[in-house]
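Under the working numbering, the sequence shown has 379 at position 272, and the numbering climbs by one with no breaks. Positions of the beta carbon are idealized from the N, C-alpha and C atoms, including for glycine. Quantities reported herein were computed from a predicted structural model and do not represent experimental measurements. A short write-up of the structure that comes next.
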Amino acid sequence: TFKENTDIPVYHPDVTAYEVFDKDGTFLAVLYTDFHPRKGKQSGAWMTSYKDQWIDEEGINHRPHVSVTMNLTKPTESKPALLTLGEVETFLHEFGHALHGIFANTRFESLSGTSVYWDFVELPSQIMENFAVERDFLNTFAQHYQTGEPLPEELIDRIIKSRNFNAAYACIRQVSFGLLDMAYYTQDKPFEEDVLSFEKRAWEAAQLLPQPEETCMSVQFGHIMSGGYAAGYYSYKWAEVLDADAFSLFKEKGIFDREVAQSFRDNILSKGGTEPPMTLYKRFRGQAPTIDALLKRNGIKPINKA
Ligand SMILES: [Zn+2]
């Protein structure tokens, strides 16, 4: 339960502070939301924490202070803030990170909440994005702002179809970037080769179309050289495998299934980095992830309708 608390000081009038309570009424966290753009505010969207969770020597559980920042279109006098699908997905994404923080329940602050291995941190966020095109979820709020009509099913189908356009090619492209990144960061000798031929060899296994001559990805691949992704670029695709596979359990049991949600909270969200990601994942899912759910979501593999 999210309860606004106006007694909590905020850094700007646009910011709202909520106290978050568990189902038995236990206090879980403070959540700050800062949704709209203003002069001097950084663009984009992110989750952060002002204070992480930890349990001290007396057993006192210090609860976290979490924040979600967005730059959503502001409502006007005549119109509410009409969010695009992308904005809804971004919100769900950051809210997923926030839940990772809010449900944290570990002894050490350094292993709490989102303090997990790089290739595991986007599972809680990306799994939430799946809800954005689920009819039962959309029906809880996505109505025409004048007529109150729910979003027509046909539109939802069209959204899904259009986002899967060229999905297989986009997948191969991501894989090729991952291969290239990994090839650079698994060098054990000083690099003396020419960059262009190294690149060609590194991602050969995922090249579908002929590469235009004299184009070179390596020299503009900021993510892996200065963006912090060194040897971790594959995590984009890997997180998709995880989130699709994890969400398929919700699809199977129902997207609002309490048991699955509780298991996700107990086995993944509350555990932070206290155990290896695969151990946590298998405890939730009952098995290691496969690529099947992602292929189905992307429309590459047909969905068997039982
Ligand atoms: Zn994220």
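Spatial distance of Glu306 from Leu287 (CA atoms): Residue numbering aside, residue 306 sits at position 199 when the sequence shown is read from its first letter. Residue numbering aside, residue 287 sits at position 180 when the sequence shown is read from its first letter. Answer to the nearest angstrom: the Cα atoms are 6 Å apart.
Across which residues does DSSP place Thr197 in a beta bridge pair? For this step, residue 197 is matched to residue 90 along the sequence shown. None, per the DSSP bridge assignment.
Between Gly285 and the rest of its own chain, which residues show a CB-CB distance below 7 Å, the 5 nearest in sequence each way excluded? Here residue 285 refers to the residue found at position 178 when the sequence shown is read from its first residue. Tyr340, Tyr341 and Lys344.
Separation of His119 from Phe391, as counted between CA atoms: Looking up residue 391 in the sequence shown gives position 284. Looking up residue 119 in the sequence shown gives position 12. Spanning the two alpha carbons is a distance of roughly 39 Å.
Kindly provide the chain-ordered list of residues whose Cβ lies closer than 6 Å to any non-hydrogen atom of ligand 1. His200, His204, Glu229 and Ser232
In the DSSP output, what is Pro257 paired with across the bridge? As a first step, residue 257 is located in the sequence shown; it is residue number 150 there, counting from the start. Answer is Gln250, bridged to Pro257.
Taking three-plus beta-carbon pairs below 8 Å as touching, is the region 154-164 in contact with the region 201-216? yes
Buried versus exposed call for Val117 [16 or more other C-beta atoms within 10 Å across all chains shown]: Working through the sequence shown from its first residue, we reach residue 117 at position 10. The residue is exposed, with fewer than 16 neighbouring Cβ atoms inside 10 Å.
Just checking: is the beta-carbon of Gln314 within a distance shorter than 8 Å of some beta-carbon in chain D? In summary, chain D is missing from the structure at hand, where a single protein chain is found.
Mapping the DSSP letters down to three states, classify Ala136 as helix, strand or coil. Here the question's residue 136 lines up with position 29 in the sequence shown. DSSP places Ala136 in strand when its eight states are reduced to three.
Report the residue from Ala275, Ala309 and Gln281 whose alpha carbon sits nearest the alpha carbon of Tyr291. The residue labelled residue 291 in the question sits at position 184 within the sequence shown. Of Ala275, Ala309 and Gln281, the residue nearest in Cα terms is Ala309.
Grouping DSSP H, G and I as helix and E and B as strand, with all else coil, what is Lys110? For the purposes of this step, residue 110 is identified with residue 3 of the sequence shown, where counting begins at 1. Lys110 falls in the strand class under three-state DSSP.
N-terminal and C-terminal residue of the beta strand (DSSP E) that Tyr125 is part of: The residue you call residue 125 lines up with position 18 of the sequence shown. Counting along the chain, the beta strand (DSSP E) containing Tyr125 begins and ends at Val122 to Phe128.
For the beta strand (DSSP E) that contains Thr176, what are its first and last residues? Here residue 176 refers to the residue found at position 69 when the sequence shown is read from its first residue. Looking at the DSSP string, the run of the beta strand (DSSP E) that includes Thr176 is His172 to Thr176.
Pro384 beta carbon less than 8 Å from that of Val348: Locating residue 348 in the sequence shown gives position 241, where the first residue counts as 1. Locating residue 384 in the sequence shown gives position 277, where the first residue counts as 1. In this structure, Pro384 does not lie closer than 8 Å to Val348 by Cβ.
Per DSSP, cross-strand counterpart(s) of Thr155: Position 48 of the sequence shown, counted from the start, is the residue given in the question as residue 155. In DSSP, Thr155 forms a bridge with Ser174.
Burial state of Lys378 (16 or more Cβ within 10 Å): Position 271 of the sequence shown, counted from the start, is the residue given in the question as residue 378. Looking at its Cβ environment, which holds 16 or more other Cβ atoms inside 10 Å, Lys378 is buried.
Starting from Trp414, follow its DSSP beta bridges and name the residues at the other end. Within the shown structure, residues of the chain are numbered from 108 to 413, placing residue 414 beyond reach of any answer.
Chain-order list of residues whose beta-carbon lies under 7 Å from that of Ile234 (same chain, five-residue window excluded): As a working note, residue 234 is residue 127 in the sequence shown. Here the set comprises Gly203, Asp350, Ala353 and Phe354.
Determine the contact status of Asp141 and Gly220, defining contact as a CB-CB distance below 8 Å. In the sequence shown, residue 141 corresponds to position 34, counting from 1. In the sequence shown, residue 220 corresponds to position 113, counting from 1. No; because the gap between Cβ atoms is not below 8 Å, this pair is not in contact.
Buried/exposed call for Arg404, threshold 16 Cβ in 10 Å: Mapped onto the sequence shown, residue 404 falls at position 297. Arg404 is buried by the Cβ-count criterion.
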